[in-house]
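Protein chains in written order, with the working numbering: chain A, 8 to 385; chain B, 5 to 83. We treat Cβ as the ideally placed atom computed from N, Cα and C, and that holds for glycine.
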């Protein structure tokens, strides 16, 4: 009898993992994806929507169109995982049993956790990105402040990329000379990765983007238009863009599968749950100390698919494990970009920003729909 | 002379900048002059805590390492 493989979440990781398991299991797995909306969203595009370089409609497709024909899609929300009974209870009341469970439910943004921050703009949801672009279109000069309201967050270089794309946008509108742009960083550099920070900091300076160090956002006063840090500093703004705090999905908290923020506690190499050997987690949903990014979900999906196929076939677990591999693009504005690559044992390296990396990112974004979800890219 | 630590934080396993943020939060609840100790495993925490202490005016009074664990003692700045 075929094994029941259940995948929660139809994002990058869940979709790719489901397709690869169905393909590699040779008919020995019945694969089901449970997704709350049935719509697959390409989240890296939010950044471009926020500066008017991408249409919102280009960023989603039906999940069913991205899954193999032998993968079943259930459009419903997972309410609780019951590891003892090996089943998942859905919001509709329906129950799905599993032999192997992959949790790829991603993260959610919780701007309300920071006092006053709901008044700030963000580009971490489609609605936020659309609103932010509207606000920019109505903006006519003044102080734009970009800050980080919680760690960890998706795509660590995103605030820096946004600062560069914003600079391009303001120049194109002819209002850069009446606008100050300030980037508030939690550390004493542009963002966590030191090598890349060294590369981009001179470019920030060149574009007149001011970097404020050790500014960890504590609260926002929407009336006074000020943002205050844990370190006790206060900055005024006319337009505020914050990276919202993130946490895991409620279903993880309700099922006791994660830490106090709802991040699923898995082994950082096998991605297997530390308590339940038939539960795996991939992508943003895990607690492992690695970037929350689509590339991580992509590499992890392949590892977990191999482990599950081996388990179904009764074979030994594959020796190939997740090595912490991350690959990101980082837009530096004016049609240039760099990349960041690293893993658990190799520190990050970034080439000098060049046009080719910008085109590489644009090409990846365009071809994504036909390559990544299907498992066609290694 | 023994020193009195007002608060101890176990931040092992967290990667930067989380140890800094958790320390900054805990520091807010201390009174000036009180000491806080931090245990962290992120290799970047040595330069990060040194720079953070300098930037914020809180003093890094001790920094040591045992195996893979870094130990810092910080003193909240006088207002």
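Asked                                                                                                                                      : Found
Where residue 32 (chain B) falls, given that 16 or more other Cβ within 10 Å makes a residue buried                                        : exposed
Residue of B:12, B:51 and B:28 minimising C-alpha distance to residue 40 (chain B)                                                         : B:12
Beta-bridge partners of residue 64 (chain B), as assigned by DSSP                                                                          : B:78
Residue 191 (chain A) beta carbon less than 9 angstroms from that of residue 57 (chain A)                                                  : no
Contact with chain B by residue 293 (chain A), beta-carbon distance below 9 angstroms                                                      : no
Start-to-end residues for the alpha helix (DSSP H) that takes in residue 130 (chain A)                                                     : Taken as a continuous stretch (DSSP letters only), residue 130 (chain A) belongs to no alpha helix (DSSP H), as it is neither H nor E.
The stretch 243-261 of chain A in contact with the stretch 125-141 of chain A per 3-pair CB rule at 8 angstroms                            : yes
Beta-carbon spacing of residue 357 (chain A), residue 333 (chain A) below 9 angstroms                                                      : no
Pair within 9 angstroms by beta-carbon distance, residue 189 (chain A) and residue 148 (chain A)                                           : no
C-alpha gap between residue 8 (chain A) and residue 137 (chain A), whole angstroms                                                         : 48 angstroms
Short Cβ contact (9 angstroms threshold) for residue 95 (chain A) with residue 13 (chain A)                                                : yes
Per-residue DSSP class, three states only, for residue 328 (chain A)                                                                       : coil
CB contact check: residue 13 (chain B) to chain A, cutoff 9 angstroms                                                                      : no
Reference residue 296 (chain A); option with closest CA among B:23, B:38, B:30 and B:54                                                    : B:23
Residue 32 (chain A) beta carbon less than 9 angstroms from that of residue 319 (chain A)                                                  : yes
Beta-carbon proximity list for residue 5 (chain B), same chain, < 8 angstroms, skipping 5 on both sides                                    : With a pLDDT of 48 at residue 5 (chain B), under the threshold of 50, the predicted position of this residue should be treated as unreliable, though the coordinate-derived value follows. So no residue of the chain qualifies.
Which residues DSSP lists as bridging residue 6 (chain A), in chain order                                                                  : No answer is possible for residue 6 (chain A): the residues shown for chain A start at 8 and end at 385.
Cβ of residue 44 (chain B) within 9 angstroms of any chain A Cβ                                                                            : no
Residue-chain proximity (residue 19 (chain B), chain A), Cβ-Cβ < 9 angstroms                                                               : yes
Residue 158 (chain A): contacting residues in chain B (beta-carbon distance under 7 angstroms)                                             : 21, 22 and 25
Short CB-CB distance (under 9 angstroms) between residue 26 (chain A) and chain B                                                          : no
The stretch 165-184 of chain A touching the stretch 42-54 of chain A, judged by at least three CB pairs closer than 8 angstroms            : yes
Sub-9 angstroms separation of residue 18 (chain B) and residue 26 (chain B) beta-carbons                                                   : yes
The stretch 66-77 of chain A contacting the stretch 19-36 of chain A, beta-carbon criterion three pairs below 8 angstroms                  : yes
Min CB distance residue 114 (chain A) to chain B below 9 angstroms                                                                         : no
Whether residue 47 (chain B) touches residue 83 (chain B) by CB criterion (9 angstroms)                                                    : no
CB contact check: residue 20 (chain A) to chain B, cutoff 9 angstroms                                                                      : no
Boundaries of the alpha helix (DSSP H) in which residue 17 (chain A) is found, first to last residue                                       : No alpha helix (DSSP H) holds residue 17 (chain A); DSSP gives it neither H nor E.
Minimum Cβ-Cβ distance from residue 35 (chain B) to chain A less than 9 angstroms                                                          : no
Range of the contiguous beta strand (DSSP E) that encloses residue 336 (chain A)                                                           : 333-340
Any C-beta of chain A under 9 angstroms from that of residue 10 (chain B)                                                                  : no
For residue 152 (chain A) and residue 247 (chain A), the rounded distance between their alpha carbons                                      : 5 angstroms
DSSP beta-bridge partners of residue 388 (chain A)                                                                                         : Look at the range of chain A in this structure, 8 to 385, and you will see that residue 388 (chain A) is not part of it.
Exposure label - residue 197 (chain A); buried when at least 16 CB within 10 Å                                                             : buried
Neighbour-count burial assignment, residue 214 (chain A), 16 or more Cβ in a 10 Å radius                                                   : buried
Whole-number beta carbon distance between residue 45 (chain A) and residue 69 (chain A), since they are thought to touch under 8 angstroms : 7 angstroms
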